[in-house]
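Novice: Residue numbers (the UniProt record's numbering): 1 to 118.
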């Protein structure tokens with residue numbers, strides 16, 4: 001899932017080195033830690049509980065010309081509650097699980113082709 005999407009974005013030339021997480025699942029520290037471990041990237045948790053409203057305010061600030069970039073607006077307006085770093089002892093485990101995931105995708109594509117003939 002997440003790692004697959006990130007790898008596609010990186011391959012397309014986007015630079016991503018940190019994940020930002022908000023919402024209900026961001027309160028589940030096991031879920032957050034797994035995302036850090038699976039992606040190998042730190043996960044930043046926002047201090048603001050109403051992240052959607054903060055995001056809208058950040059975009060509004062950019063649209064009004066108060067900030068030169070989204071990055072600048074984020075740095076000035078948003079506060080960080082915590083940063084969860086990847087656990088290097090879990091890398092091998094999640095790398096192997098990812099290999100299985102990629103094989104499952106390959107097989108699923110074949111199954112989809114078979115079912116299209118119906």
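Even for Gly, the Cβ is constructed at its ideal location relative to N, Cα and C.
So, is the C-beta of residue 28 closer than 9 Å to a C-beta in chain D?
Specialist: Judged by its chain identifiers, the structure shown contains no chain D, having just a single protein chain.
Novice: By the three-class DSSP mapping on this structure, what secondary structure does residue 57 have?
Specialist: The answer is helix: DSSP assigns residue 57 an H, G or I state.
Novice: Which one of 34, 75, 84 and 16 has the shortest CA to CA distance from residue 91?
Specialist: It is 34.
Novice: Once you ignore the five residues that flank residue 74 on each side, which residues in its own chain have a CB closer than 8 Å to its CB?
Specialist: Cβ within range, chain order: 58.
Novice: What first and last residue would you give for the beta strand (DSSP E) that runs through residue 20?
Specialist: Run containing residue 20: 19-21, per the beta strand (DSSP E) assignment.
Novice: Is residue 55 buried or exposed, if buried means 16 or more other CB atoms sit within 10 Å of its CB?
Specialist: Label assigned to residue 55: buried.
Novice: Would the segment 34-50 and the segment 15-25 be scored as touching if the rule is three or more Cβ pairs under 8 Å?
Specialist: The segment 34-50, when compared against the segment 15-25, does touch it at the 8 Å Cβ threshold.
Novice: My guess is that residue 42 and residue 85 are in contact by the Cβ rule of under 8 Å, so how many angstroms apart are they, rounded?
Specialist: That pair is a contact at about 5 Å.
Novice: Could you tell me how far apart the beta carbons of residue 44 and residue 83 are, in whole angstroms, since I believe they sit closer than 8 Å?
Specialist: Confirmed, about 5 Å.
Novice: Once DSSP output is grouped into helix, strand and coil, what is the label at residue 12?
Specialist: Residue state, collapsed to three classes: coil.
Novice: Would you decide whether residue 70 is buried or exposed? Buried here means 16 or more other CB atoms lie within 10 Å of its CB.
Specialist: Residue 70 comes out exposed.
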